[in-house]
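Chemist: As numbered in the working numbering, residues 8 to 394 make up the sequence shown, in order. Next up is a structure, given as structure tokens.
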Amino acid sequence: MANVYQRYPVCIVRGSGATLHDINGRAYIDCMGGYGVSLVGHCHPRVVSAIKEQCEKLIACHCSLYNDKRAELLEKLVKIAPKGLNKVFLCNSGAEAVECAIKVAVRYTGRSEIISMVRSFHGKTLGALSATWNPKYREPFRSLLNQNFKFVPFGRLDKVEEAITDNTAAIIVEPIQGEGGVHVAPKGFLEGLRKICDEKSILLIFDEVQTGFGRTGRMWASEHWGVTPDIMCAGKAMAGGLPIGATLAREEIMDAFKIGEHTSTFGGNPLACAAASAVIDVILEERLVERAWDLGNRFKAMLEDLVEEYKILREVRGLGLMLGLEARIDIYNILMEALNRGVILLYSGKNVIRFLPPLVITMEQLEAVVNILRDILLEEEKKLIYG
Ligand SMILES: Cc1ncc(COP(=O)(O)O)c(C=O)c1O
8 MANVYQRYPV CIVRGSGATL HDINGRAYID CMGGYGVSLV GHCHPRVVSA IKEQCEKLIA
68 CHCSLYNDKR AELLEKLVKI APKGLNKVFL CNSGAEAVEC AIKVAVRYTG RSEIISMVRS
128 FHGKTLGALS ATWNPKYREP FRSLLNQNFK FVPFGRLDKV EEAITDNTAA IIVEPIQGEG
188 GVHVAPKGFL EGLRKICDEK SILLIFDEVQ TGFGRTGRMW ASEHWGVTPD IMCAGKAMAG
248 GLPIGATLAR EEIMDAFKIG EHTSTFGGNP LACAAASAVI DVILEERLVE RAWDLGNRFK
308 AMLEDLVEEY KILREVRGLG LMLGLEARID IYNILMEALN RGVILLYSGK NVIRFLPPLV
368 ITMEQLEAVV NILRDILLEE EKKLIYG
């Protein structure tokens with residue numbers, strides 16, 4: 008295995024709901040959720056049976072042939088999508104969804120510059136990496152990156168306006184920056200971007216790969232601001248853990264692609280589509296969007312109490328069950344100690360603990376996470392004071 012992942016010393020073999028089990032039979036509360044993938048919970052019975060049923064019927068079917076499950080998914084996806092985004096390209100990952108968004112924006116507008124945000128994350132394939140800000144990911148490959156991407160501070164409309172030229176095709180933004188440290192778009196920013204884009208005929212791309220499908224307490228994070236993008240990227244949670252991605256756009260935009268200009272061998276395969284179709288059913292029937300909002304608010308309040316209690320914590324950010332707890336110290340020890348105590352946490356940079364648990368996590372599990380964190384933080388503070 009390529010040595011590219013920061014590994015946790017644990018071997019996971021089984022999962023259900025928000026609980027994971029390791030090879031020794033030990034249970035863990037999963038606050039990582041596969042970086043936001045396991046939104047409906049691990050091995051949700053509806054998703055499992057949809058996959059089982061489909062894999063006995065048909066696994067592969069290239070998009071040059073029509074397929075019933077793909078059609079079913081597309082219908083459901085467009086129904087829950089932001090208004091007007093009714094033409095879809097199906098692919099296999101978030102980065103691929105971004106690649107498609109960038110290409111179609113350039114194709115539609117005939118322009119070639121894209122404005123992205125400081126602290127943004129859009130994936131690590133070369134096109135998506137060109138839109139990703141973090142120098143740690145970009146610098147080693149700088150010579151391969153597209154020079155038509157400009158970065159402006161997240162939240163600064165004046166800087167966006169300064170960056171616009173006659174050649175600007177699109178602005179790409181995460182409504183809540185995930186990998187960059189869980190930063191919520193400040194009030195007025197997305198609304199302002201919409202206005203600028205409308206005035207200058209520039210396309211607005213929202214990357215909802217991490218924030219989509221109810222994670223933030225709305226089906227799409229963009230709904231918190233009432234702003235509809237022209238193009239939207241989705242992925243991660245969409246197929247309950249099977250690889251998938253989707254780019255949605257207004258019809259006239261997606262129609263800028265001519266046959267053959269953008270395709271994918273596996274994109275739209277019936278197996279991933281069957282899983283994704285079941286995921287959408289589960290989200291709607293189990294009211295997971297509302298659940299994310301309700302549990303997220305209660306969990307956030309508990310984390311805010313921790314911030315009051317411990318000086319090594321700075322603040323809590325985020326919406327729904329996409330939360331970040333920023334510390335004043337490197338959080339590596341906290342993560343490893345949490346693992347020892349049966350909680351799998353995720354980082355966002357060196358000092359932000361990111362919570363992306365399955366939305367089916369229980370309040371009892373969230374309370375247990377807070378109690379375990381409280382014990383660890385107490386010890387960390389003691390270490391700082393007494394050495
Ligand atoms: C906002 C956003 N866009 C794109 C991606 C890339 O997705 P993938 O890893 O599936 O390529 C991610 C992954 O973390 C993400 O958070």
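Even for Gly, the Cβ is constructed at its ideal location relative to N, Cα and C.
#1: Between Gly-303, Arg-126 and Leu-210, which lies nearest to Thr-369 when the distance is taken from Cα to Cα?
#2: Which residue from Ala-334, Pro-182 and Glu-387 puts its Cα closest to that of Ile-360?
#3: Taking the alpha carbon of Ala-244 as the point to measure from, which residue in Leu-27, Thr-26, Gln-13 and Cys-50 has its own alpha carbon closest?
#4: Is the segment 83 to 92 touching the segment 135 to 144 in the sense that three or more CB pairs, one from each, lie closer than 8 Å?
#5: Whole angstroms are fine: how far does the CA of Val-54 sit from the CA of Ser-150?
#6: Label Ile-37 either buried or exposed according to how many other C-beta atoms from any shown protein chain fall within 10 Å of its C-beta, with 16 as the threshold for buried.
#7: Going residue by residue through the segment 143 to 208, where are the continuous beta strand (DSSP E) segments of at least 3 residues, counting only ones entirely within it?
#8: Confirm, please, whether the CB-CB distance from Lys-307 to Val-296 is below 9 Å.
#9: DSSP three-state call for Arg-225: helix, strand or coil?
#10: Distance, Cα to Cα, His-403 vs Arg-348?
#11: Would you say the beta carbon of Ser-100 is closer than 8 Å to some non-hydrogen atom of ligand 1?
#12: Among Thr-172, Ile-336, Ala-177 and Ala-57, whose alpha-carbon lies nearest the alpha-carbon of Ile-109?
#13: Please classify Tyr-35: is it buried, with 16 or more other beta-carbons within 10 angstroms of its beta-carbon, or exposed?
#14: Please give the ranges of any alpha helix (DSSP H) in the segment 53 to 92, keeping only runs that are unbroken, at least 4 residues long and fully inside the region.
#15: With a threshold of 8 Å, establish whether the CB of Glu-181 neighbours any heavy atom of ligand 1.
#16: Does the beta-carbon distance from Arg-118 to Asp-173 come in below 9 Å?
#17: What residues are listed by DSSP as bridge partners for Val-350?
#18: If you measure between the beta carbons of Val-289 and Ala-25, is that distance less than 9 Å?
#19: Cutting at 6 Å between CB atoms, please list the residues of its own chain near Leu-249, excluding the five before and the five after it.
Modeler: Looking at the atomic coordinates:
#1: Gly-303
#2: Ala-334
#3: Cys-50
#4: no
#5: 42 Å
#6: The question names Ile, yet the displayed sequence has Asp at residue 37. It is buried - the Cβ of Asp-37 has at least 16 other Cβ atoms within 10 Å.
#7: Entirely contained in the segment 143 to 208, the beta strand (DSSP E) runs reaching 3 residues are, in chain order, 156 to 159 and 175 to 180.
#8: no
#9: coil
#10: Here the chain comprises residues numbered 8 to 394, so residue 403 is not present and cannot be evaluated.
#11: yes
#12: Ala-177
#13: buried
#14: 75 to 87
#15: yes
#16: With respect to the 9 Å criterion, Arg-118 and Asp-173 are classified as neighbours on the basis of their beta carbons.
#17: DSSP lists Ile-36 as partners of Val-350.
#18: no
#19: Ala-279 and Ala-282
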